[in-house]
Structure formats: structure tokens, C-alpha cells
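Undergrad: Mind looking over this structure? Questions follow.
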Amino acid sequence: MIVEIRKGLDIQMINLIRGFKDILPEEAGIWQHIEKTARMIFEDFGFSEIRLPILERTDLFSRSIGEDTDIVEKEMYTFSDRKGDLITLRPEATASAVRSYIQHKLYAVDPIQKLYTIGPMFRRERPQKGRYRQFYQMNAEIFGIDSPYIDAQLIYVLMVFFLRLNVTDISPHINSLGCLECRPKFKDALLAFLSGKTDQLCTDCKRRKDKNPLRVLDCKVLSCQESLDDAPATLDHLCDKCQSHFEKVKYILEKINVEFVVDKRLVRGLDYYTRTTFEIQTGSLGAQSAVAGGGRYDNLVKILGGPDTPAIGFAIGLDRLVEIVDLKKDVYEKRLNVFIAALGERSREAAIEWACALGNTDVSVEIDFSERSLKGLMKRADRLKAEFVLIVGDKELEEKSVLLRNMKTKEQVSLPIEGIVEHIRKSIS
Ligand code: HAM
């Protein structure tokens, strides 16, 4: 269909959806740098990349994250596709990683799998600084290891990542949520405590408390928070195995020089966690202080139909991280090696071949096809932060040599047109 643009008619601009954002070219450099750093660290610690779909069946998330969580109750983008199947834009990646581990029987190749994935997640939360409806996460998930050593090592990997990006205002908060054996006893104690507080709880928590009292501990409503000051903590109800697992995690963390805070209120907002949970908190972000979070989910593979397999993982919130990294611009700023200022049609015809050949090697190159004057072209080269400018006009074509100007030192050399691509490559290296 051809849309007619009628004279005098106001054309309404179409803007972004609330809570969504563009990452503009000037910002993309820092995102690329962070992702590159993460890939390097993940690969060094034995992880392999897995790419997962953004749409999944709704059941996958309700069964894993939990029906009574804020994410499943209020925040998912869920709709039915044309056949009436309920599908959801993923609010997180762990459930998908588990689905994939089971569906492709990755455990049959090796029960131990270390996977990482980077991509967008979607939650319909109230947007504010550091909280978006489409946000990006880097996830690490480890399947098949129940040893506390891996819990400590995973937290270490997280710390390495932040420190390599010069983010120092961070501290890992850790807790243990127990297992299927000790959690019911804790639940009873919590329920008994909450029964005396019903009046102070918000409507959601009044409803949730009997089915899933742990969720009350995670509620952000002030009246709920205030009523929980002396609530029982999971740490006081751990069974012997969970207790010794947690002690060992702390011992290994100390051994590998990771300072941490034991935070008995850290319950996380997703139902699948067992034993060790952790968050990386920063003071630089205001209200949204968690820049990463994770923990064990030893029952999830089984809950989703796979073999009994312990697992642990984390997700780093990239949007929040971008706001706190403190890197010099030249670490991530885009560089242009050569800007070609070709004056006149004949020069452009010659230079287009050089530009294509240079770009086809590892030289970044920009050629301007406009009728701009040399002054105008030099201004554009400056704007693009070109390291070198190649100048060619009728005179240069006749003399069979071009000028290459180093924009930093302002030095200019003359290079023969014969074999020009090689001459440029040598001169700029
Ligand atoms: P999560 O705590 O829900 O955990 O999210 C992890 C991180 O994602 C948060 O610490 C935060 O930095 C970022 N994040 C979450 N919601 C938003 C938002 N609306 N806007 C911006 N950033 C946000 C998980 O998602 C678990 N799947 C982590 C995990 C992996 N556990 C085990 N494996």
C-alpha cells in the first residue's frame, strides 16, 4: 500500500514504547566493550555460548519462576499467537537454558555444562532509572555440579568481570535458602510469624502468604518490609547438609580473597532457588542497587522434566552496569583509520576502488561522495575522528600520487597511486 503524504497534513511522529530504549551508536561502543570483556572471561573460565529464543511457551516461565511471583503475576508480556497458544517474551533466561539442556539432552554429552548467553529480557515493571521493560542480561549457567566450590568460583568470576571493567563500588551479598528438606520447616516458622502480622501486609502478600510465604520476604511495599524486621531467617533453619554447604562456600570465598556480606534477607524474586543465593550490590545506582543476581536451582531441571541435575547461575544487568562503568573513552570509542577526501568525479571513481579494497582488509575506511570542498571534507574527517586522511584531486591524479595526512601529528606524505592500497596499509600501521 502506498501511503499518500498530503500537503498541510501534520504527520504524527511514532516514538518508543514506555520503558523501552534505543542504544545509540555513540553508546554502542561501551556495550560492545563490556560484551567483549564478558565473552573473554566466560571463555577463559570454560563457558560456551548458547543462543536462546526470545519467545517461549508461557508455561515454561510460570512453572519455573513460580505462579506467585511478581514476574509471573504482573510483569510478563504474554499473548496468544494465531493458533491460540500462549507465548511470552522471556522475562529471564535461566528457564530457557534449562529447557534447552533438557530438550537437546546436553546432559547425555556431558552432564556438566557451563553455558553463557547475552540478550534482551522483558518485564512490564514500572520504568525508572535502572529499570526498563526491555533490558539486557548476561547469564552464566552451570549444570551438573553440586559442590560448594563452584558456588564460590562463580561469584569469583562475577567479581573478576566487574573489576576488569573498573567497577569497584560493589559487594557480593550471599545467603542460603535451604533445600526441599529444610525449607518446609522454615516455611512453617515464617507462616506462624506472618499470621500475627496479617493486618500490616499488602493485599498481594495477604493472598500469597499461605501459599508461598517466602514471597512476602521479597515484597517491596514499605508496610510489608517494616513488619518483617524480626521475621525468621532461612539461615537459622538450614538442615545439616545445607549448613555445611554454606559454610564451605564462605570458606572458599575467603580462600580466594572474595570479600562478602552474609545477608539473611536476600531471598531473590524467583521461586526456583535453593541453597546459595547471591546479589552484587552497588552504592552507585540509587534504588536499583542490584547489578547482578543469581544462585543455585538444584530442583529446576527435574521440575521441567529432565534428570535430577544440580545447577547454579547468575545474570548481570547490562543496563545498570553501563551506568556505573568508569572507563576512559579511548578504551571503547570507535576508530576510523582512513578518511578519503576525493575531490571531483574522476578522483571519486579512482578512490572508490581503494576504499573497497581497504575495507576488505582490516582497515576501517570512509569515503565521502559529496561535492563538499576540501575544507568541508576535512571537517567531516575531524568529526569522525579519522586517524589519517587521504587527499586526492585532479592534480594528484595527473601526478600519479596522493597525499596521506596524519591527523594527530599533522604530517603529510606523498604516496604513489601505483600499489596505493599496500602503501596506505604500511603507512598507517
Ligand atoms: P534477576 O535478579 O531477576 O535474576 O535479574 C538479574 C539482574 O538483571 C538484576 O540484578 C538487574 O541488574 C537486572 N534487571 C532485572 N530486572 C531489570 C529491569 N527491569 N531493568 C533493568 N535491569 C534489570 C534473574 O533474572 C535470574 N535469571 C538470574 C539467574 C541466572 N539465576 C540463576 N541463573
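Each residue of the sequence shown is one higher than the one before, starting from 3 at the first, in our numbering.
Every residue, glycine too, gets a C-beta built ideally from N, C-alpha and C.
All values reported here derive from a predicted model rather than from experimental measurement.
1. Residues in the same chain with beta-carbon distance under 8 Å from ARG337, minus the five sequence neighbours each way, listed in chain order, please.
2. Ends of the alpha helix (DSSP H) at LYS252?
3. Can you tell me the Cα-Cα spacing of LEU26 and VAL327, whole angstroms?
4. So SER64 is in the alpha helix (DSSP H); what residue range does that whole segment cover?
5. Can you check which of these residues, TYR134, LEU160, PRO174 and ASN339, is closest to MET78 by C-alpha distance?
6. Distance, Cα to Cα, ASN141 vs LYS213?
7. Comparing alpha-carbon positions, which option in GLN283, ALA344 and GLN136 lies nearest ASP171?
8. Is PRO174 helix, strand or coil by DSSP?
9. Mapping the DSSP letters down to three states, classify ASN416 as helix, strand or coil.
10. Given a cut-off of 9 Å on the beta-carbon distance, is the pair VAL391 and ALA343 in contact?
11. Looking at C-alpha atoms only, which residue of ASP238, ASP112, ARG125 and SER66 is the closest neighbour of ALA436?
12. Given a threshold of 16 other Cβ atoms within 10 Å of its Cβ, counted over all protein chains shown, does MET2 qualify as buried or as exposed?
13. Run through the DSSP bridge pairs and tell me what PHE2 is partnered with.
14. Give me the Cβ distance between ARG92 and GLU58, rounded to the nearest whole Å; I'm assuming they're in contact under 8 Å.
15. Taking 8 Å as the line, does the beta carbon of ASP321 fall inside it for any heavy atom of the ligand HAM?
16. For ASP396, which option in LEU240, ARG350 and ALA357 has the closest C-alpha, if you only look at C-alpha atoms?
17. What does the Cβ neighbour count give for TYR253, buried or exposed, with the cut at 16 atoms within 10 Å?
18. Excluding the 5 residues preceding and the 5 following GLY146 in the sequence, name in chain order all residues of the same chain whose CB lies nearer than 8 Å to its CB.
19. With a CB to CB cut of under 6 Å and the five nearest residues on each side skipped, what residues in its chain are close to LYS211?
20. For ARG270, count the other beta carbons within 10 Å of its own beta carbon; 16 or more makes it buried, fewer makes it exposed. Which is it?
21. My output table needs one value for LEU392: the three-state DSSP class, helix, strand or coil.
22. Beta strand (DSSP E) containing GLY295: first to last residue?
23. Could you pull the DSSP bridge partners for ARG407 from this structure?
24. Residue ranges of each beta strand (DSSP E) run of no fewer than 3 residues wholly in the region 264-295, ordered along the chain?
25. Just the Cα atoms here: how many angstroms apart are VAL169 and LYS304?
26. Rounded to whole angstroms, what is the Cα-Cα separation between GLU228 and ILE120?
27. Please list, in chain order, all residues of the same chain as GLN130 whose beta carbon is under 8 Å from its beta carbon, the five residues on each side excluded.
28. Does the beta-carbon distance from GLU368 to ALA352 come in below 9 Å?
29. By DSSP, does TYR151 sit in helix, in strand, or in coil?
TA: Well, looking at it:
1. Against the sequence shown, residue 337 aligns to sequence position 335. Cβ within range, chain order: SER366, LYS387 and GLU389.
2. What you label residue 252 is simply residue 250 of the sequence shown in a count that begins at 1. 242-257 is the extent of the alpha helix (DSSP H) around LYS252.
3. Your numbering for residue 26 matches position 24 in the sequence shown. Your numbering for residue 327 matches position 325 in the sequence shown. Looking at the two C-alpha atoms, the distance is approximately 17 Å.
4. On the sequence shown, position 62 is the one that residue 64 refers to. 60-67 is the extent of the alpha helix (DSSP H) around SER64.
5. In the sequence shown, the residue the question calls residue 78 occupies position 76. Nearest of TYR134, LEU160, PRO174 and ASN339 to MET78, Cα basis: TYR134.
6. Locating residue 141 in the sequence shown gives position 139, where the first residue counts as 1. Locating residue 213 in the sequence shown gives position 211, where the first residue counts as 1. Near 30 Å, if we compare the C-alpha coordinates of LYS213 and ASN141.
7. Locating residue 171 in the sequence shown gives position 169, where the first residue counts as 1. Answer by Cα proximity: GLN283.
8. Taking the sequence shown and counting its residues from 1, the one referred to as residue 174 is at position 172. Strand at PRO174.
9. As a position in the sequence shown, residue 416 is number 414, starting the count at 1. The sequence shown places Ser at residue 416, not Asn. DSSP places SER416 in strand when its eight states are reduced to three.
10. By one-based count along the sequence shown, residue 391 stands at place 389. By one-based count along the sequence shown, residue 343 stands at place 341. Yes. Within cutoff.
11. Within the shown structure, residues of the chain are numbered from 3 to 431, placing residue 436 beyond reach of any answer.
12. This structure does not reach residue 2, given that the chain is present from 3 up to 431, and the question cannot be answered.
13. For the chain, the structure presents residues 3 to 431; residue 2 sits outside this window and is missing.
14. Residue mapping note: residue 92 aligns to position 90 of the sequence shown, counting from 1. Residue mapping note: residue 58 aligns to position 56 of the sequence shown, counting from 1. Between GLU58 and ARG92 the Cβ distance is about 6 Å, and since that is below 8 Å, they are a contact.
15. The count along the sequence shown starts at 1 and reaches residue 321 at position 319. Indeed, a heavy atom of the ligand HAM lies less than 8 Å from the Cβ.
16. Looking up residue 396 in the sequence shown gives position 394. Closest by alpha carbon: ARG350.
17. Start at 1 with the first residue of the sequence shown, and residue 253 comes out as number 251. Exposed, because fewer than 16 other Cβ atoms sit within 10 Å of the Cβ of TYR253.
18. Start at 1 with the first residue of the sequence shown, and residue 146 comes out as number 144. So the qualifying residues of the chain are TYR109, ASP112, PRO113, ILE114, GLN115, THR311, PRO312 and ALA313.
19. For the purposes of this step, residue 211 is identified with residue 209 of the sequence shown, where counting begins at 1. These residues qualify, in order along the chain: LEU196 and VAL218.
20. For the purposes of this step, residue 270 is identified with residue 268 of the sequence shown, where counting begins at 1. Per the 10 Å Cβ criterion, buried.
21. Taking the sequence shown and counting its residues from 1, the one referred to as residue 392 is at position 390. Three-state result, LEU392: strand.
22. Along the sequence shown, one-based indexing puts residue 295 at 293. For GLY295, the enclosing beta strand (DSSP E) stretches over residues 292-298.
23. Along the sequence shown, one-based indexing puts residue 407 at 405. Bridge partners of ARG407: VAL391 and GLN414.
24. 276-284
25. As a first step, residue 169 is located in the sequence shown; it is residue number 167 there, counting from the start. As a first step, residue 304 is located in the sequence shown; it is residue number 302 there, counting from the start. Each residue's Cα considered, the two are about 37 Å apart.
26. Numbered from 1 along the sequence shown, position 226 holds the residue referred to as residue 228. Numbered from 1 along the sequence shown, position 118 holds the residue referred to as residue 120. Roughly 37 Å between the two C-alpha positions.
27. Stepping through the sequence shown from its first residue, residue 130 is reached at position 128. ALA289 and GLN290.
28. Position 366 of the sequence shown holds residue 368. Position 350 of the sequence shown holds residue 352. In this structure, GLU368 sits away from ALA352, with a CB-CB distance that is not shorter than 9 Å.
29. For the purposes of this step, residue 151 is identified with residue 149 of the sequence shown, where counting begins at 1. It is helical.
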